[in-house]
Each structure stands twice: as C-alpha cells, then as structure tokens.
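Report on the structure given below.
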Amino acid sequence: MSFTSKLSLKKGLTRSLLLATALCAVTPAVSFAETILNVAQRDDPQNLDPIDTFRLSWGSIGSNVFEGLVFRGEDLELAPGLATGWEFLDDETRIRFTLREGVTFHNGEPFNADAVKYTFDRLLGEQGEQGPQRSNYTSIKEVVVVDPFTVDFLMERPDPVLITKLAGYGAMIVPPKYIEEVGEEAFDMKPVGTGPFMVDAYTPTVNVELTKNDAYWNGDAQVDGVNIRFIAEDATRMAELLSGGVDIALNIPTPSVDTVRESDRVDLVAVDGPTVVITRFNTAKGITADPRVRKAITMAIDTNAIIEAILGGLASPISSAQGTKSFGNDATLTPYAYDPEGAKALLKEAGIAPGTEISLDFSGNDDTFREVAQVIAAYLDMVGLKLNVTPHERSVYTNDIIANGKTGEMYHFGWGGWTFDFDNTAYLLYRSGERFNPYIEDSELDALLDKQRATYDTDVRRQALQDVAGYAYDTALDLPLYNLSTLYGVSTSVKGFVPAPDDRARYMSVTVEE
Amino acid sequence: MSDMNNTSNQTWTHKVMASRYFCFEFIAGSLLTGTLVLVVLLSGVLFPDGGGKVNLVARLTEPFQSAEFFLGTDPLGRDILERIVHGGRVSLVVGLLSALGAVVLGTVIGLFAGYYRGFLDAFIMRFADIQLALPFILLAITVIAIVGPGIDRIIVLMIVSQWVQYARLVRGSVLSLREREFVQAARSYGLSDVKIIFRHILPNALGPLIILLTLNVANNILLESSLTFLGLGADPQTPTWGGMLSEGRSYIQTAWWVTVFPGIAIMLTVLGLNLLGDWLRDELDPLGKTRA
Amino acid sequence: MPILRFLIQRLLQAVLVTIAVTLFVAFAIRLTGDPAIMMTAQSSSVTEADLDRIREALGLNQSFIKQYFDFVRNILSGDLGESFFRGSVRDLIALALPSTLLLAVASMVVSIALSIPLGIYAAVHKGGAADQIIRVLSLVGLSFPNFWLGIMLVLMFSITFPILPASGFSSWQSILLPATTIGIILTATNVRLVRTQMLETLSSQYVMVARAKGLSEKTVIYKHALRNAAISIVTFLGLQFGNLIGGLVIIELVFNWPGMGTLSIEAIAQRDYPLLQATVSILAIMIVAVNLAVDLVYGLIDPRIRVA
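First to last, the sequence lines map onto chains S, A and E. Just so we're aligned, residue 1 is where the first sequence starts under this note's numbering, counting upward by one. Just so we're aligned, residue 515 is where the second sequence starts under this note's numbering, counting upward by one. Just so we're aligned, residue 807 is where the third sequence starts under this note's numbering, counting upward by one.
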C-alpha cells in the first residue's frame, strides 16, 4: 500500500470511531520516500520477548531485532556475534566470552558484560521460569562478569550444543535498564535489542512493524522498514503474495507450490529445512511391537513417490529422523527401498493376516500430512494392511494422544530442531521417560544419548548420534518419511533475499525495486 | 360431439394442470432430490470400490478428458465423480439427521413452552439463551477437543445447538397463535391441550418451520465443510462434499475442478431440497394464504 | 408498571445466563488440556518439574472455584487479567472487538439493504418472473460454503482484477470483500424470510380489511403488512446478529481479519484460559444483550406478548 492512501485513510478515520479504534495501532508513523518491505508469515509469535516464546514465528522477527553472543547465519556456521570470541577453561567447566565493544541497544543503552549477566540471570531466574525457554539453558550455572567486556559462563554440566543455542531464541541479549524502566509487560510488546531493525509497533494478530536501526554496528539495512503481517490461512497468504500485497511470504504450503511456480511475478525459493516428518510406531503393543511388521510397513511405502507427487519434489528422503544438514546424520545409511513383495513376505513371516486393521493418528490441521496419510493408507492396502487414519485437534494430539501413549499402531510426528543437531530430536524421540516418547524404553539408546550429552568432543558425539540413528534404523523404530524444504515465495521485485534454512528469515540485505 | 370431446379433453388437461403436483417447485425439486437419493442409494453399485483409489500417477487429471475420470481427479489421483457419489451419502446423512433431530426436539419444546408459558417456558428459554450465547464454531472446537472428532459427534453437536432456533421460532408463532380466535374457540369447545397444540397450533406454525428446516439441511452440509476447514471434520478417508471443498481450496488456482464439482453437488442438493420445501409449505399451509 | 417489571425480569434472566455461560466456558476449557504442555510443545528438554513450575506461575494449581472467582473479579473490575502467552487480555480485546462488530454490522447492513427490498418486491409480485429469479438466486446464494465464496471473491477481486486488498484490515477497502461475502450468504436466507412473512401478512384478514377500506396499496404494504411482518423479521435478524458475532470465525480466518474469532481460535489452540474465557464471555454477553433487545422490541411491537 502506498503512503498517500495511508494518509487519506488517516483523514477518513475521524468519520468512524469504530474504525479508528481498530486501525490506529495498524497505521504506521508516516514519513516519505521510504521503502518498506512487506512480509507475510503464518503465525503471530504473540510475545516478542525472547524468553517467552518457542515459536519459529518469533525467529523470523526476533532474528532481525536481537542478537546473541554467537551468530549463525544462513550457512548454519557458527560465527562471532556480540562476542568476538570464546574459549573453554578449567576442564571445560568455564567458558569465557570476549564481548564486542561499541555496540548499543536501540534505546541507546550500551551493550556490555552487565547486559549479558542480566540476560542470563533473567532467563534462569524467576522471569524465565514462567516461560518455555529456560529449560534449554539449565546447563549454565552462573554468568560471572570478569570485566566490562569479558564474561565467564560457569557450567552446571557439560552442554555440547550450548554454543549453538547461544545463537538463538532464549539467549538473545536484552537491555537491563530498558526492561527495569518499562517493565516486563511493555517489553513483551515493544522489545529492544541490538539488531539491524527496531520494533516500531506490534499489533497482536495483525502485524509487527520494524524500522531500520541507523546505529547498527555491522552495516546498514537496505530497506527503511519491514512490515511483517500474520496471515494464518494458507490460501489467503498466497492471495496476498500473488496480488502483490506482500513482497515475501514465508511458510508456503505444498499444495500452493504449483501456483507460485506458475506465477510470473513471484519466485519460489527453496532451501533444505530443519523439519523432518516421520510416523512413529507403537513399539509397546499391537502388531507393531514386532520389528518385522515395522520393517514391512517401512518397505511397503514409496516415500520417493510421495515426495514427487504430493510435495512437488520439495523434500528429501531420510533414513533417520534428521535431514542431511543435521549434526549426527549418517550419509551411508540409505532409506529402506520400496519393496512391496518383501513387505508382504515379512508380514506373512510375522503371522499377520491380510486385511488386518491398524490405525494412524495425526494432527488434523496439517493439510499436507492429511494427503500423505491417505497415500500411506493406499500403499499399506497393497500389502494387505487396512490403515484407518484419525485426525486430532493439534493440542489434544500432542498433549494427550502422544504424551499419554494413546496412539494407534502408527502416529505422525513432525519436528524441526532449529539447532540442526540430532541431539535435540533424538533425545526426545528415544530417551526413556521423555514426554514425546511414550513407548520406547531401551537402555542401549539411553546410554548412547546420555554419552553424547556429557562431552564436548564432536567426534565422540557424532559417533554416538550416528549409532542412535543406526539403531533406530535397524529396529525400524520409526518410519522416516522426508525432510521438508523451507519454502519462501519472493516477489521478482525483491533482490538480495537469502533464504534461511531454519526459518529465521533476515531482511537486512533485502532491497525492493519500485 | 366435437364439443364434448373438447370439453373432456380440457377437463383432463385442466385436472393435470390444476393438480397440486403440477408446478415447477414440485417437479424440479423432486427430480433433483430423487436423482440425488437414487445415486446415493446406488453408490455401492455404481462405484463398488468405495471412496476412490489413490493413484498418484493420475493426480489432478483434468475433467472431460477421459471416460475413466470424467470429472477429473483430486490431488491424490482419486476419481472426483466417484468421490462425489460416495460423499453424497455422508453429506446427506449429516444434513438430514441433524436437521430432523433439531426440528423435532425444538418444535416439541417450543410448542409446549409457548403454549403453557410459566416456569417451563422460562426455564427452557433461559436454557435456550445459554445455548444461543455460545458461538457454535467455538463450542464445536472445544467439545471436539474433549471428545475427539467424528461424524456422529458432529451430528449430535448440530442437534444440540440448533434445536434452540426451532424452539424459539415455534414459541414465537405459538405466542401469537394462542391468542387467535380459532384457538380460543377450540379451547372453549373443551378440546384437550395436546389436541389444540398439535391439531390447531402446529399446522399453523409449520410454514416458517419448514423453510428453516430446508435451509438447515443445506446449512448443515455446509457446516460440515466448515468443520473440516478447521480440521475437525470426518476422517479424511471418508469422502464428504464439505471435505472435498475444504481440502481442495489450496488448489483453486491450479485445479478448479477439485472444488467446483463438489460445490455444484452441494448447490443442486440445496436447490432440490428448498424447492421441495417451498412446495411442501404451500401444501401444508391450511389457510392457503400464500398460494398463488 | 408492567413494562418495568418485564424489563427487570429479563435483565435478571440475562445475568443468570451470563453466569451460566461463563461457568460453562471456564469449566469446559479446563477439560481440554494443559497450557503448560502447550507452552513448551516445541521445546525439547522439559521435565515434569519445569511443567509444575509453569503451572504454578500461571496459577493453575489453584482450585477451579478460586480460578473462576478471580476471573469474575477481573471481568467486573474491567481489567481482564493477563493472557498466559501474550500480555494484557484487555488490550487484545480492545483491538479485536471493534473489528468484529464493525464486520458484523457491515455484513448486516449489506444483507438488510439487499434482502428487505428484494423480499418485498418478490412477495408483492409473487409468481412473476422477478420473483422466480430472486428465489432461484437466493437458493444459489445459500449453497456456497462461506470460506469458499470468500476465497473465490479474493481470486476475482484481488488477483484476477487487483482492485481490492486480499486480506487484513489496513484501509476502508479491506472490509468490502469480507462484508460482501457474509452479506451475500445472509441475504440468501433473509430474502426468503422477508418474502414469506410478507406473503403471510399480505393475505391475512386485517390486510384484506385495510384493502377493503380502500387504502392505497403502498400504505397497505408498508404500513400494515410490513409492520406486522416485522415481528418475525426482527426476531430472526436479532438471532442472526447474535449468531453472526460468534460465527465470524471462519471469515475472519479467510480474510485475516483481526477479530474475536481469530483471537478465540488461537486461545483454544493454546489453551490460553484467561483469553478464551474473556473472549467467549464477552461474545456471550453481547449475544445475550442482543437477544434481550430482540425480546424487548418484540414486546413493544406486539403488546399481547408483554403481559406475561
């Protein structure tokens, strides 16, 4: 929308009180000759405070506003962020960070060791306890200020993924004075960070408006502002993208891929993403307690055909619950080949009568998996298993059906560990007693998983994680389906957009042609 | 002689023309509804395979290209014609059962509440107010979150939340009817309340009721699609028209036929039911007030 | 003062209904699942102790009665409390409620503007070509699922002919597509209702008497017939408006309209008890108020009913 129309809109507002109440927050501060990048993403993060959220939808906003001690960009390599370097001391129980000098928060407050200490005290203290991020960082015992630009992290226990985790979400550095001044609630709505964009206005369920941070330490954003709108309905988000209402749309749904591909004014940008989709087996009871049945089901399904037909080729086959970019992925492990005859033979060997009914539970709001589930049913039909697919409301599905082990023989599981470290996924899938692991209790897996968590040695860790993947593969604990690509729809007038595999879109280098 | 012939001819045609069955509403309505019911009854014979076989190679085949997939295929390569025929069964059952259940419950309650007034009336109408105050979709999401999805639950939910509108409508009619002369007269003859309610009041309250009923059957077929839109509908393997519409919405721009044909099926059904409803209303209208 | 008594009686009933509804909502939402788990659903390393701590912070370890009374106190004091996830509930509702009301009113206006003249015209010219066309078109309008019609309109007016915004609420044009979508669907119902009610009253005895008295056809139609038909029409429109306030959920989703429906759906999805309690209760209070108003108007138009 042009600014003139926004101006005339402002005039019209006096006419209707109702309209005014609803609109005032949406209308941005008007200034001329600005370029604004319009973005649509599916979800509203609902809270911009880094420690109050766990959502990927926060990542594509917060990554433009906040920075961590460590930076991880689109190449997924760890690099210095607000810390210029770090070293492990005292037998790896202490990590010393040297901080970048001359950085200020958007409110002018200086970035220094006190801000770092405040950030982690807040995360691990009372305020953090009310949010979901704290549990990711409990390996940190304490942060100690050594001098204004040096801090030490004293570790409670080893945490090999800590450095990666410092590049995201809960570990984003926040300004102590600002929070003390405005209070926690105000910070939720209008937070202040050190990043290339500042939060100008956040209107829940509608949009968040960012303006360029002219004092950014690491270069200048190319656009003057970003207007990120939240559009939950896929068809609507696509309509905005195709009609030119937005320049970039995140979370392109697979059914719309053809539409975006056929459009002249929009390009489809795909990059390997963190999200893997698997169906898990009830290994505790039913016919899937038998590994032969699980293997047979795995062999009965042609995942490549699913990827080509349903996902438009925008996913890769996987052999374990991780993609190729994940730390711990074993490239030598190839997915079970599609072999319906072999599957039938295995089922026969296991004594499963043709026509046996089994069921697959999934979250009903996932349109893509809805299709995939029906294709799986068709494949299983060919080897003599009758699969009933049962959709559930999302939160019932995670809270109750999975967490309390009420699933049928098979159940859908999609997970996108933004750390790209198999530890994140494997631990919650296979470690006994984990919330999303209702059925598997295996001391061998537990030992492997605990071992890799206790060391910083990357080779040991990689081997242990690959062993976990191999073990799950051999015993067919899950049916690995595919690793989804992260899809962006980008208008042809946009240049310089680098797609982020982890959904943490950054808009600093983007330009918009008029 | 010729006069006689003419006269008897005229009488015969006149009889047919004047017959209550010779009108656009009845003919078109019963043709549409009859065909639909027939197709639905014969669905198992026409397409014994059920809801259509997944056939990834043939996905999104365009319509009118082959006899095999006359109306084209959906994103999973299933024959759309076959799914529409089978989907009609569920959609009709949902639409009819829920509307009939609601109308029976609502009418009986509304009749008695309106006729007797007093405590029963107040109690029932306050209960109705509570239900009316709960937004259906939000109620549905909450309830389905607790009891889980399923066609049977959707039907019960619809009845539970829709009887109220019938009750209020009937009660409204009864309130003005019970003061009318013919009801007063019936009462003074000493007719029992039940007789007055069902013989004299109900027939006069039927007109608006039948319109609302026919609208509701159609509406509930659409509501089923809304629930599917929100991910609360029937299981995906059971084809329903609403489900087909909702699942096809992401393909509207690249494959129109996925949603347009089930949409037409719904439209023709609604049209047929409402035409019959109109005709029936005229027939049931005891005073013939609205007849042309 | 029978009117005053009637009024007080209805007000008391409305208060009771409101209490019942809020109790029901507060109770039902607590059956649907644990917000602490939702809050951490994408977090991989959560222990039962973490969950307990979150529950305590959210006040979920208190008894239901205590939680309910806290909620009632919040509503009465006008401060609606804190959402579990996203700050002040009052701020969220202050944004969403006007949007929803605006959309509901605009849709009703579209529908009334179309259906009353069309319905009267069809009734007066019953059986004529115009009547048939209006009836068939209304049937066609009835057969569109709302989300489908919405998406089709967006396709047509935002993509094929890009003249209107596809979604959101950023300018006055934004309301045209959603209000038209709902307006069309409501009109299909209302036209038929207006027509039938008009036909019924037009053939009633006192309209015949009015005609016999030699009053002009215009007077008969507008003063006598319409006034009489208005009882049912107003009842129906009132119920419809009540339904509409709570039934905009899907259209709000399709058009990304920042209203109460969107807010409620998100609150249910996350088990955000304070937010859902507040949105549903406020919607319920408004629906109760509308129904009360319908009752009162009903009583005014037809005094026979007032005397209970």
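We put the beta carbon where it would ideally sit given N, CA and C, even for glycine. Being a predicted model, the structure only gives us computed values, none of them experimental.
- The region 297-310 of chain S makes contact with the region 336-344 of chain S; the number of CB pairs closer than 8 Å reaches 3 or more.
- Against chain S, the CB of V1060(E) has a partner CB under 9 Å away; the residue lies at that interface.
- Neighbours of T656(A) across chain E, judged by C-beta separation under 9 Å: V831, A834, I835, L837, T838, I1074, L1082 and V1086.
- Contact annotation: in the region 565-593 of chain A, no residue has its CB less than 9 Å from a CB in chain E.
- Look at Q452(S) here: in three-state DSSP terms it is helix.
- Secondary-structure assignment with DSSP links G1067(E) through no beta bridge to anything.
- DSSP lists no bridge partner for Y703(A).
- Excluding sequence positions up to five before and after P1064(E), its CB lies within less than 7 Å of the CB of L901, A902, S905 and F975, all in the same chain and listed in chain order.
- Nearest to Q452(S) by C-alpha distance, out of A464(S), E514(S), L445(S) and D446(S), is A464(S).
- In the DSSP assignment, N227(S) forms a beta bridge with N38(S) and E209(S).
- Of all residues in the region 404-428 of chain S, none comes within less than 9 Å of chain A when Cβ atoms are compared.
- Cβ atoms of Q322(S) and F230(S) stay farther apart than 8 Å, at about 29 Å.
- The criterion of a C-beta distance shorter than 9 Å is not satisfied by L333(S) and S316(S).
- Assigned with DSSP and collapsed to three states, G355(S) falls in coil, not helix or strand.
- Between A820(E) and L1043(E), the C-beta spacing is not below 9 Å.
- For N365(S), same chain residues with a beta-carbon under 6 Å away, outside a window of 5 residues either side, are R394 in chain order.
- Between the region 682-694 of chain A and the region 624-639 of chain A, the count of Cβ pairs shorter than 8 Å is three or higher; the stretches touch.
- DSSP, read as helix, strand or coil, puts N733(A) in helix.
- If the five residues before and after P132(S) are omitted, its C-beta is found closer than 6 Å to the C-beta atoms of F54, all from its own chain and listed in chain order.
- Two segments are said to touch when three or more pairs of C-beta atoms, one from each, lie closer than 8 Å; by this definition the region 491-510 of chain S touches the region 33-49 of chain S.
- Judged by beta-carbon spacing, V1040(E) lies within the 9 Å limit of V1103(E), meaning their Cβ atoms are closer than that value.
- Of the other Cβ atoms in all chains shown, fewer than 16 fall within 10 Å of the Cβ of H931(E); this residue is therefore exposed.
- Scanning its chain for C-beta atoms nearer than 8 Å, with the 5 sequence neighbours on each side dropped, one finds around R294(S) the residues F281, T283, T288, T475, A476, L477 and L479, in chain order.
- Residues of the same chain with a CB within less than 6 Å of the CB of L999(E), apart from the 5 flanking positions on each side, are F1042 in chain order.
- Linking L89(S) to P80(S) through their CA atoms gives a straight-line distance of about 18 Å.
- For F362(S), the closest of G416(S), T279(S), G384(S) and N404(S) by C-alpha to C-alpha distance is T279(S).
- Residue burial is scored here from C-beta neighbours: K165(S) has at least 16 other C-beta atoms within 10 angstroms and is therefore classed as buried.
- Within its own chain, the residues whose Cβ lies closer than 6 Å to the Cβ of V784(A), once the five positions on either side in sequence are excluded, are A732, listed in chain order.
- Under the three-state reduction of DSSP output, T846(E) falls in the coil class, being neither helix nor strand.
- Shown here is that no member of the region 593-606 of chain A has a Cβ falling below 7 Å from a Cβ of chain S.
- In this structure, V997(E) places its C-beta atom within 9 Å of the C-beta atom of G925(E).
- The C-alpha of L555(A) lies about 19 Å from the C-alpha of I778(A).
- Between V661(A) and S263(S), the alpha-carbon positions lie close to 43 Å from each other.
- Residues of the region 1040-1069 of chain E with a C-beta atom less than 8 Å from some C-beta of chain S are L1059, V1060, F1061, N1062, P1064, T1068 and L1069, listed in chain order.
- Under the DSSP assignment, N251(S) falls outside any beta strand (DSSP E); it carries neither an H nor an E label.
- Chain E has no Cβ within less than 9 Å of the Cβ of S557(A).
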